[in-house]
Each structure stands twice: as C-alpha cells, then as structure tokens.
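There are 4 protein chains.
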Amino acid sequence: MGEKLRILVWNEGVHEANNEPAHIGEIYPDGIHGAIAAGLRSFYPESEITTAVLADDQHGLSEEVLAETDVLLWWGHIAHDQVGDAVVDRVQRHVLGGMGLIVLHSGHFAKIFTRLLGTSCSLAWRNDGERELVWTVKPSHPIAEGVDSPIVIPEQEMYGELFDIPDPDDLIFISSFAGGEVFRSGVTFTRGKGRIFYFSPGDQEYPVYHHPQIQRVLANGVRWAAQPGLDRSAPAVTNPARDWFAER
Amino acid sequence: MGEKLRILVWNEGVHEANNEPAHIGEIYPDGIHGAIAAGLRSFYPESEITTAVLADDQHGLSEEVLAETDVLLWWGHIAHDQVGDAVVDRVQRHVLGGMGLIVLHSGHFAKIFTRLLGTSCSLAWRNDGERELVWTVKPSHPIAEGVDSPIVIPEQEMYGELFDIPDPDDLIFISSFAGGEVFRSGVTFTRGKGRIFYFSPGDQEYPVYHHPQIQRVLANGVRWAAQPGLDRSAPAVTNPARDWFAER
Amino acid sequence: MGEKLRILVWNEGVHEANNEPAHIGEIYPDGIHGAIAAGLRSFYPESEITTAVLADDQHGLSEEVLAETDVLLWWGHIAHDQVGDAVVDRVQRHVLGGMGLIVLHSGHFAKIFTRLLGTSCSLAWRNDGERELVWTVKPSHPIAEGVDSPIVIPEQEMYGELFDIPDPDDLIFISSFAGGEVFRSGVTFTRGKGRIFYFSPGDQEYPVYHHPQIQRVLANGVRWAAQPGLDRSAPAVTNPARDWFAER
Amino acid sequence: MGEKLRILVWNEGVHEANNEPAHIGEIYPDGIHGAIAAGLRSFYPESEITTAVLADDQHGLSEEVLAETDVLLWWGHIAHDQVGDAVVDRVQRHVLGGMGLIVLHSGHFAKIFTRLLGTSCSLAWRNDGERELVWTVKPSHPIAEGVDSPIVIPEQEMYGELFDIPDPDDLIFISSFAGGEVFRSGVTFTRGKGRIFYFSPGDQEYPVYHHPQIQRVLANGVRWAAQPGLDRSAPAVTNPARDWFAER
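Protein chains in written order, with UniProt numbering: chain R, 1 to 248; chain S, 1 to 248; chain Z, 1 to 248; chain C, 1 to 248.
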C-alpha cells in the first residue's frame, strides 16, 4: 500500500487532558488520536499522518492545514460546543470541495456532522460494556475489503436505533449489541464533491482503536474518502450563456 | 381504513398438506395463507381478499386473476422449484406493470424474487427458536406507520446477513436475534412500475402471523404497494419521432 | 380526493410587493402563493389551505401555526437572508418531527433547504425563456401518479446541473431545456420523520403554476408528504436500560 | 496508472462480420471491441487486455477465462438471443462472485443485463444523428474523475426515458439529446459482490469509442469495477451454529 496521502486525525482531547476516565492513560497513552494515527501508519507508511486537538490554535484546523489535507478524521464527545463556528464553516467548505471526512463514534453530535447531514443525529445509548458485533452488509464496497464479518468487539458502549441520519449513500456495516439493539454502524454520504464515512465503534473507555479489524476499517475508509488529485473547490452557482460548451 | 383493494395471498401450502411440522394445524388451522388473510381482513374489511395455493390450477395465478389483483403476497419454502416458469413469467410481467408484490420469509428463494432481484438472495439461517427484535430505521416510511420499535417476537427462526440482495430502495426494518446475528428484515424495491416489499418474520413453526404488530406491518405493506388506478402495462421499448410531444 | 389536510403555502412575497417583474400582477394577480393555493384547492376541496408571507408576524410561521400544518410549501427568491434564524430553527424542528415540506424553484437557496441538506444547493441558471421538458424516471412513485411524461413548459428559466444536493431518496423527474442542459427537477429526501420534496419548475416571470400538470405534481407531492396522524416530535437521544422492551 | 488488471472486452461482432452499416469498417477497422480495447490500453499499458466475440468457442467466455478476468465489458445489439443460457449463467455467477461488469449502449437488452437487473431494461430510441450531451451529476464518484461536464458527442443515436431499470446505486451521468429527450446514461449497480456499470454512449454507426472523454469514462469504470484481490465466490446460504464467531 504505497499511497502517499495527507491524513489529519483530529480529537477534542478533553478526556485525555482531564484524565477521565481514570484508565484512559493506560488504554490510550498517546491519546485517542495517537492510537488512530498509529493504526493508520501501519497501513500507509509513506503517508503524512498528523494529529490536532481542540486546544490548538484554530483547533489545528487553519485554512492552510485543511488545504493540505486529503482526509480528516474527527473524534469528539464532551466539547462539541467549544468548536468555533468559523472552523465548522471552514471544514464544511473543504468537504464540499472534496476533502474526505471520517466521523467517529460520539462525533455523531459534532457540529460538522449535524451541519452536513441536516438531522439531529440522535441515537440511543447505554454504557454497559456490551459485546458488539459488526456485520458487513455490502461486501462489494471498498471499505469492507478484507474485513471480517462479524468483527467481534468484546466490550463497547451500546449505540442503538433510531439513529436520526438521512438515508446514507451506502450502508456497509450493521452492529448488534448483547442487549439486542442494532445500529447502522458504518455508513457513507457525499456532500458536494466530498466523501464522508461515519463509523461508530470506538470510545474513551474501551481500547477499540487497537483492534486490528477496526484499524483496517479506518484504513479502508481513508483510502475510499481520499481524492488527492482533485481541485479543491466547492460547487458554486454559475450563469452560463447558451451553447457555452459548443467549443468542446 | 375504507380502502377497497384486491388482495391475493398465495402460499405453496405444502407444509399444511403434509402436516409438517406436526403442530402446524394448531398454529395455522386455516393455513399460513388463511392466517395472513384474516389479519388483513381486520384492517381492510371492505377489500376483496382471496387466497391461492400451488396445487390450484395454474397455481391460482392465471392471467385473469392477476389482472384483477392489486397486491400479491407470496409465501413459499420447500416447493419453489415446482412453481412453473410460465407462471413466474406472468407474475413478473404483472409486477413490472404495477401489481404490488409482498414476499414473505422463506420466499427469499422463490423464483419470482430471485428473478426480480438478479442476485442469489441467499442468507444465513438457524432454527433455534431465538427471540427476534424488529427495529424501525426509517420511521417516515408508510410501512412503519404505527409500528412499535422494536417488535418483540419471542421465538423465531434466525435469518442473518449476508442477505444477498441488491441495495433496496428503502431499508425500513433491521432485526437482531438472540444469537447476535442481524438481518435487513423489511426492505422495498421497485421494478418497472411495480412496488415490492420483502418482510422476513413469519415461519411454519412459529405463530408469527398472529402477532398484531406483524399484521400491522403487512397491512401497511399492502396499502403502500397497491396502485389500484394504474393502467397495468409493463414498460416497453418505443421509437418516437422527433418532437412527438409537441402537441401537449 | 376527500383528504382533509392542513396545507400552508409560504411565499416571501417580495416580487409581488415590488411589482417586479412588471407583469407579475397579470400572471399572478393573487401572488405566487395564491396561484399555488388555488391549484391545490381544486384537488383538495375539503382541506384547509392557507397562505403566509415574509412580512407577516414571525413570517406567519409561529409555533402554533406549524403545529397545525401537515405540509408546508416554500417559495422564496430574493429575500432568503431576511428569514429569521429562529424561524428556520422552528421549521427544521417541525420537519424532523414529521411535517411535510415542499420546496419550490428558487427556494433551493432558502435557509431551510440548505440547512436540511447540508450542501451549497448551487446550480447553473439562465433566464432565456427556454422550453423545459419534465420527464418521469420513477413512474412507480406516488408523486408521478397521473403525470404526463414529458410535461411541456413552453417558457421557463433554465436550471442546470451540477445541482449540489445530496443523493436524493428518490429521483422522480429530470428536466431538459432547449439549450441542452439537464436538471434533477423532482427529488425527495427524508430528514428525521419528515418528508421533503423539491420541485424546480415555477418562476416569477412565467405562469408555470397555472399549468394543470404542474398543479397535479404539487397536489401529489402534498399527499405524499403529509402524515396527519403522526405525533409531531423530532427524534431525540435516549438512554434506555437493558431489556427495556421486554414487557412488549 | 500502473494497475495490472485483467480486462476482457466482449463484442457480439455481428455488425462487423456483416459489414453493416457499410461504413463500420472505416470507423471501427478493428471492430468495436478493438476500439474499446485500444482506448483502455492507453490508460493501462501494464494491464492484460483481451477481446472475445460471439463466434468464439463458448463465446470466448469459458470458466477458465472468466476466472482470470477482473472486469468484463459487454457490447451486443442484434444477436442477444444467440448468447447461450449456460454462458449467461456462468457470467452471472462470476459477477455475483466479484467480477466487474461494464455494459455498453445496446447491451441494455443483453441477457446478462436483464438477468441481473430483473426489469425489462426497455427505453425509447431514435436514430437521427442527434447531438448528445453527457452531464456529470455525481462529481465525487471515481467514474467521474477528470471527466468534462458535459461531454459533447456531435452525433449519436438517441436513448431516452423511461429507461426501465431498478434504482441504481449511483447515478453519475445524465444525457440530453438535441430532440429534448433525457437519459440516465451512466449508472452503477451491485449484485452479490460484483460491481456493474452501465454506460450508454457508443453505437455501431458513430465513432463514439474514439472520443477521448468516452475512453476516459470507460477507463475509470474499469478501475472502479475491478476487485483483483477478491476471492471469487458468490454469496451462498449458510447454517451457522450459535456463537460460531466466538473464537474471533
């Protein structure tokens, strides 16, 4: 896998800063972003993989940084409201212009996700350490390539339906939990020229991002979402003259 | 609900004829088709609801009968190969022309279903009397109207992914089973002018078709699939002259 | 068609107030909203059909009014930015809760539309009085029922691709224009429990809303989008205990 | 583009054998298949690109050949009924197992296409040498990468709606013709593990397959449809024991 992609893993980083839960430093000594980045590096050793957190200047998401990013991964949970609206505007514009976006777990309530989807993105949840099974339902999709069905996650927070999202472009994974709930855990959307992948497994209390199969899904997601050769411009209104295309 | 629809419930009727399983006469004294028809009658007392079985002449699916049918429900299991190809051709033609079709449970392997879908329609199964939970994931769909989420079915055969179907037009229900498997248990398709609904709960060993919520889903499905005012003709090739529409 | 629906036709009403274009009073003596409402009344004589404009208190879109509305139609063009954000929040909440929404023509840039879709909703346009042909591509959809294919509109503003919208749930109509451009002119979306229909024909310069076939499409759209029996509440986050559904 | 793919271009080859139309030898001296293959070679010089025709033994589509094919392109027109059913069965099995399939122009009526789609695949047509414009409506799709919108084809047979196909997974291109008709000219489907792309431009009377932009679309389609690393097996029914996945 010799791709040279520019990947940015964003994490609010507040759980880590607050050492909450108390064992987060054990399971994620380099932060959730550090674990995700490490997993991606094992797949894309030639890619440029960086991280950023909420506390960084402009949350580490300046115009310059986004312009040089092929795929942005987003993890947030308890500080969604601290993300500045100007930054959300900027990320949205880059997604519409073709930047890939991968939203993870509790990022379902991130401003950028609800902004792009237009729904509440609400769901049912229960933190009871239940076994999650992640089943592939679209094996032809690039994100399912080489992925076990089911992926077995011994302990995880339950996320259940109704997941209030628009109909996805593709439904790739459905999870079940020990308690019987189900969840559309891997779904894709397009907005403008950008490709978006939401994947729910992964939490601050459980070491899910060290699971080799979860790492493979994220690596597949990055490759699918990346459009490195694309001119980065969002669709815009035009007022063409009649027969403007005649010279072609 | 004062609709006057013409509804035909088809069942191969072989389990009933063979008294297999031995308790089928207790749970379905009027056959599976009889139970389904009774459920529909409680919703549509003014509709014309009839039944037919494999042993009937032309399987009860003559040209005349189909021409007078708004929605056909299909239950089959162990005799799919005994359904004549000419009858399958005829049913397909009527679906393309606008007749509604509701395929139930083991009907996933019916000739008419694989013919219309183009895939193997294979799945995983296990008959272990597991609890099935049917979760609504598209609450805005007419088939989900007034349906509990989840529907709780105490005992049922497990059907699990991978369910080899094309991407449905709408995914309305996802089931989980006690063993952890999941299944896209309520899905719609369109083929030609016809509307198709597949719904998996319902089996010869369990009294699922007496469940009030399952009856409601089938009643909703019938209303959604019916197009009583439509001219019954399948799309066909045309060779129009330029500007043929100019008179409009 | 004996439906008793509660239908609200909203128009910014600025073109009419400014008498711009000068002939608007001739083609729409009761305003664009008046023409749309009149068309709907011919289909639903027993329904309650009202109108509201931007200049009304709260733009005529108070909590009380929306709570009593099954379907809201939206026409806007040159005053999108004058629609208050609090009203947009309110309309969005009602759509997520199940109110139907039909967005018309230049409403593609309305705040409520871009809010619900998450994209720029930009397009190409040219006001050259070109013939528009509206072709049905999903004849099984309720909105296509009884609609000619193509609908011929002698003169209309051109709207062309790229129309920057998410993939619709259903693509029902595609238009072509005399200049050769194409446009996805009839598309549906769901957001939360609400059904949304966008339909592009209709403009302040051309008498399109008097066209019988256009009136039929809008009438079909209203019936499709309405869910009069639905509890009006947007999906919300829940935290259920394990086995909460066991009593069912 | 260093991909090493195994690409097979199939053409019935009857127009060429019959020298009908009389100028086919001028516009396609190496046959339609030869022109398509040449276009692909310019994009994938390291790939193995072969051709086959109806007159070949087993139509050149033996089990051994298909097992070594990543993507099959299919052009047919006047001899669909001469394609043996056993060959169609075999091609379908390989598609369900993951072989890519690209169906071209009049191949809309090929047995393999109607088999996989389940509809009539009928359409409107008129051979009047009309200008076709091919507009991109999903710019984020890999098949649209680097493609002009519109592609201008000076003369082409008209294909118009209603195109009786199931809702595609993705609608990428919509064409308009000088006479005003529109057509969903670039659409994708998945069946089993296989990816299918239908693309309508290209005819025995017009030199469309020499158009650089058409060649680019086909090259993009091949790359999108190919899954060279995939185990070639169609989905099949399974009967797993409870907790079969527990060892993972």
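C-beta: ideal position from N, C-alpha, C; glycine also.
Keep in mind that this is a model prediction, so the values were computed, not measured.
Extent of the continuous alpha helix (DSSP H) to which residue i belongs
i: W224 (chain C); result: 212 to 225
i: L96 (chain C); result: 85 to 97
i: F113 (chain Z); result: 111 to 117
i: V14 (chain S); result: 14 to 18
i: I24 (chain S); result: 24 to 27
Opening and closing residue of the beta strand (DSSP E) in which residue i lies
i: D128 (chain R); result: 124 to 136
i: L40 (chain R); result: Per DSSP, L40 (chain R) belongs to no beta strand (DSSP E); it is in the alpha helix (DSSP H), 31 to 43.
i: G194 (chain Z); result: 194 to 199
i: T69 (chain C); result: Neither: T69 (chain C) is in no beta strand (DSSP E) and is coded neither H nor E.
i: residue 262 (chain S); result: Given a span of 1 to 248 for chain S in the structure shown, any question on residue 262 (chain S) remains unanswerable.
i: R242 (chain S); result: It is not in any beta strand (DSSP E) - R242 (chain S) carries neither H nor E in the DSSP assignment.
i: R232 (chain Z); result: Neither: R232 (chain Z) is in no beta strand (DSSP E) and is coded neither H nor E.
i: F189 (chain Z); result: 182 to 191
i: V208 (chain C); result: Here V208 (chain C) belongs to no beta strand (DSSP E), and DSSP marks it neither H nor E.
Supposed contact pair residue j and residue i - C-beta distance, whole angstroms, cut 8 Å
i: G16 (chain C); j: I27 (chain C); result: Before going further, note that residue 16 (chain C) is Glu rather than Gly in the sequence given. With 8 Å as the limit, E16 (chain C) and I27 (chain C) do not qualify as a contact, their Cβ atoms being about 11 Å apart.
i: S62 (chain R); j: A234 (chain Z); result: Not quite, the Cβ-Cβ distance comes to about 35 Å (not below 8 Å), so this is no contact.
i: I174 (chain C); j: W125 (chain C); result: With a Cβ gap of about 17 Å, I174 (chain C) and W125 (chain C) do not count as contacting.
i: R223 (chain R); j: P142 (chain R); result: 7 Å
i: T53 (chain S); j: H33 (chain S); result: At residue 53 (chain S) the sequence reads Val, which differs from the Thr that was named. Confirmed, Cβ separation roughly 7 Å.
i: F245 (chain C); j: P29 (chain R); result: Going by Cβ atoms, the distance from F245 (chain C) to P29 (chain R) rounds to 30 Å, so no, they are not a contact pair.
Nearest neighbour of residue i, chosen from the options [CA to CA]
i: R216 (chain R); options: R:I36, R:T69, R:A234; result: R:I36
i: G39 (chain C); options: C:D89, C:V208, C:R126, C:D57; result: C:V208
i: S140 (chain Z); options: S:F197, S:P228, S:T190; result: S:T190
i: S106 (chain S); options: C:V237, C:L230, C:D243; result: C:V237
i: G221 (chain R); options: R:S42, R:R195, R:F113, R:G60; result: R:R195
i: Q204 (chain C); options: C:L8, C:E63, C:N18; result: C:N18
i: V9 (chain C); options: C:D243, C:G229, C:L218, C:A234; result: C:L218
i: F43 (chain C); options: C:I7, C:G84, C:P21; result: C:I7
i: H210 (chain Z); options: Z:P240, Z:Q156, Z:Y198; result: Z:Q156
i: E48 (chain C); options: C:A226, C:R232, C:W244, C:E247; result: C:A226
i: R115 (chain C); options: C:N127, C:V91, C:D128; result: C:V91
i: K111 (chain C); options: C:A246, C:G97, C:G84, C:H94; result: C:G84
i: H94 (chain R); options: R:I151, R:A79, R:E68; result: R:E68
i: D148 (chain R); options: C:E247, C:N239, C:T50, C:A22; result: C:E247
i: D243 (chain S); options: C:Y198, C:G179, C:F245; result: C:G179
i: D81 (chain Z); options: Z:A144, Z:F197, Z:P228, Z:F113; result: Z:F113
i: P240 (chain C); options: S:A22, S:N127, S:F199, S:E64; result: S:N127
Contacts around residue i, its chain only, beta-carbon distance under 7 Å, and the 5 residues preceding and following it disregarded
i: G31 (chain R); result: N11, G13, E16
i: L171 (chain R); result: V137, K138, R184, V187
i: L96 (chain R); result: R191, G192, K193, G194, A234, P235
i: R41 (chain R); result: I49
i: residue 254 (chain S); result: For residue 254 (chain S) there is no data in the structure shown, the boundaries of chain S being 1 and 248.
i: D56 (chain Z); result: none
Own chain partners of residue i with C-beta closer than 8 Å, once the 5 adjacent residues on each side are dropped
i: L123 (chain S); result: H108, Y159, G160, E161, L162, F163, D164, F183
i: G118 (chain Z); result: P166
i: I153 (chain R); result: R131, E132, L133, V134, P201, Y206, V208, H211, I214
i: R146 (chain R); result: One detail in the question is off: residue 146 (chain R) reads as Gly in this sequence, not Arg. Excluding sequence neighbours, G146 (chain R) sits near R216, N220.
i: R232 (chain Z); result: A67, H94, G97, G98, M99
Contact set for residue i: own chain, Cβ-Cβ below 6 Å, skip 5 residues either direction
i: S176 (chain S); result: L133, V182
i: residue 250 (chain C); result: One cannot answer for residue 250 (chain C) here, as it falls past the ends of chain C, which runs 1 to 248.
i: E20 (chain S); result: none
i: residue 249 (chain R); result: Since the first and last residues shown for chain R are 1 and 248, residue 249 (chain R) lies out of range.
i: P228 (chain R); result: D70
i: L66 (chain R); result: H94
Problem set entry | Inter-stretch contact at 8 Å, needing at least 3 Cβ pairs: the region 97 to 114 of chain Z / the region 66 to 79 of chain Z | These segments touch.
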